[in-house]
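Residue numbers (the UniProt record's numbering): 1 to 88.
All C-beta atoms, glycine included, are put in the ideal place defined by N, C-alpha and C.
These figures come from a predicted structure and were not determined experimentally.
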C-alpha cells in the first residue's frame, strides 16, 4: 500500500508542496518521482543549468559549493595544493 501511495500521491489527497518534483521545467506539472527516474531528472536539471551557463550550473561543473557557503577555509578535500621545496 505504501508503494502505491508513493507512486500515485495525488489520488490519496497528498498536497502539492509535499511532492518532490514541483513545477517541472518541461511540462509545469507537480509529480512524485522515485528511484532511477529521480536520479535521471536531477542529472537533466544539472545538464540544463550547465548548458545555459547559469551560475549554479557552472559551480556544479567546477566542483565548488553551490548554495552560497564560504569556501576559503572549508571544503578543501577535493583539490590538492602542491608545496614545492626550495633548492639550495
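Original post:
At which residues does the alpha helix (DSSP H) containing residue 5 begin and terminate?
Top reply: Element bounds for residue 5: 2 to 7.
**OP:** Classify residue 67 as helix, strand or coil using the three-state DSSP reduction.
**Re:** Three-state DSSP puts residue 67 in coil, outside helix and strand.
Original post:
In its own chain, which residues sit with a C-beta less than 6 Å from the C-beta of residue 30, not counting the 5 before and 5 after it?
Top reply: In chain order, 16, 19, 22 place their CB closer than 6 Å to the CB of residue 30, counting only its own chain and leaving out the 5 sequence neighbours on each side.
**OP:** Could you spell out the range, first to last residue, of the alpha helix (DSSP H) harbouring residue 84?
**Re:** Premise fails: residue 84 is in no alpha helix (DSSP H) and is neither H nor E.
**OP:** Return the residue from the list 7, 77, 51 that minimises the CA-CA distance to residue 38.
**Re:** With distances taken between Cα atoms, residue 38 lies closest to 7.
Original post:
Taking DSSP as the reference, what is the three-state secondary structure of residue 76?
Top reply: In the structure shown, residue 76 falls within a coil segment according to DSSP collapsed to helix, strand and coil.
**OP:** Please go through the same chain and pick out, in chain order, the residues whose beta-carbon is closer than 6 Å to the beta-carbon of residue 56, but skip the five residues on each side of it.
**Re:** Only 49, 66 meet the Cβ criterion.
Subject >> Start and end residues, alpha helix (DSSP H) containing residue 45 >> reply: Following the DSSP letters along the chain, one finds residue 45 inside the alpha helix (DSSP H) bounded by residues 35 to 51.
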